[in-house]
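For reference, the structure discussed in these notes is given below.
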Amino acid sequence: MKKWLFPLLFLFSAKCLAQADTSKWLRAFPVTAYMVDLNDSVKIVQVEMPEGESLKDKQLGLVRGVYTNSHADTVQKGYGRCNLIKGVYNYFSIGHNSSGEAIREGDLLYTFVDKTTIFFGQVPKLAAHFIEWQDVYEKPFYDRYKVFREWTAASETALVDSMVKDIQFTGNYFQENNPSMDKLITKGTFNGKKVLSVMAGCRPEYVRNFMDYVIARPRLYAGKQWKISEVFATWAVEGAPEIIKD
């Protein structure tokens, strides 16, 4: 058991992104429906890698649940190593699950991957937790795999502008068609304002502050698809908590 301790603390500590090998990124990949019980305590799980990417034999991985009903859903569900690679499919032997929660399809396997030459801005950092923002019509703003192949600072600026417009559109729509939803904000940055007014007047810095918060507190959002207008509104009502930067 002790032989696992150092690599796992290194890989998954709160500061691992800053302390880890500078040639690597920590990324999450969803577990597929394929699972096999190796024995009473070890389960074989499968992850499918995107085109042009691969993992290495024996590399470490850790499984976490995704949010469904409560934060308790996001517990760690064990860790292990990649023991078989067949094309795009990678098979990890996952043990040490002390959570009492079974691994399920869609849970996230976190592991290190080689860096690419993309601009590693806020959107790739969200995609590293397999978080997807959608517009009001449920159309994805970005592909959670593709951003790791081609992403620039200009791409991110343009995308933030698109998300701002989506939030503004949503705020204006409900101001005109369902003003009863215009909840008063009673704390934080927007204290004393109404949420639909904040949305209608959304600015790029609001969206960037929100994304910084999610990047620092990803557990609620990881592995899921969310309409950004809805989660932005919730964040604003809850006081628009921000991350204090050095």
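Number 134 in the working numbering belongs to position 47 of the sequence shown; there are no gaps in the numbering.
Heads up, the beta-carbon is just placed ideally off N, CA and C, and yes, glycines get one too.
Where the alpha helix (DSSP H) through residue i begins and ends
i       : result
Ala-245 : 240-264
Ser-180 : Unbroken run through Ser-180 is the beta strand (DSSP E), 176-182; no alpha helix (DSSP H).
Val-234 : No alpha helix (DSSP H) contains Val-234, which DSSP labels as neither H nor E.
Met-286 : 282-287
Leu-213 : 209-214
Residue range of the unbroken beta strand (DSSP E) whose run includes residue i
i       : result
Asp-201 : 195-201
Glu-219 : 219-221
Under the three-state DSSP convention, the category residue i falls into
i      : result
Trp-91 : Caution is warranted here: a pLDDT of 42 is assigned to Trp-91, below 50, making its placement in the model unreliable, and no coordinate value can be reported.
Phe-99 : Model confidence at Phe-99 stands at a pLDDT of 46, short of 50, so the residue's coordinates are unreliable and nothing is read from them.
Distance, residue j Cα to residue i Cα
i       : j       : result
Val-150 : Lys-202 : 21 Å
Thr-257 : Ile-181 : 43 Å
Ile-315 : Leu-142 : 31 Å
Asn-126 : Asp-222 : 44 Å
Ala-241 : Val-251 : 15 Å
Leu-147 : Tyr-166 : 7 Å
Pro-305 : Phe-217 : 10 Å
Val-175 : Thr-198 : 15 Å
Gly-187 : Val-153 : 15 Å
Ala-309 : Asp-253 : 21 Å
Asp-144 : Cys-169 : 5 Å
Ala-101 : Ala-159 : Since pLDDT at Ala-101 reaches only 34, below the 50 mark, its modelled position is unreliable, and the value read off the structure follows with that caveat. When rounded, the distance between both Cα atoms is 18 Å.
Ile-172 : Val-134 : 10 Å
His-183 : Val-282 : 44 Å
6 Å Cβ shell around residue i - same chain, five flanking residues per side excluded
i       : result
Val-200 : Trp-112 and Arg-114
Met-268 : Phe-261
Asn-264 : none
Lys-280 : Ile-272
Trp-322 : Phe-297
Own chain, CB closer than 7 Å to residue i, minus 5 neighbours either side, in chain order
i       : result
Leu-213 : Met-298, Val-301 and Ile-302
Asn-259 : Ala-287
Ser-128 : Gly-182
Glu-192 : Val-118, Thr-119 and Ala-120
Own chain partners of residue i with C-beta closer than 8 Å, once the 5 adjacent residues on each side are dropped
i       : result
Cys-289 : Val-251, Ile-254, Gln-255, Gly-258 and Phe-319
Segments assigned beta strand (DSSP E), at least 3 residues, entirely inside the stretch 291-328: List check, beta strand (DSSP E) in window: 312-314.
Going along the chain, which unbroken runs of the beta strand (DSSP E) with 3 or more residues stay wholly within the stretch 115-170? For the stretch 115-170, whole beta strand (DSSP E) runs of length 3 or above, ordered along the chain, are 130-135 and 147-151.
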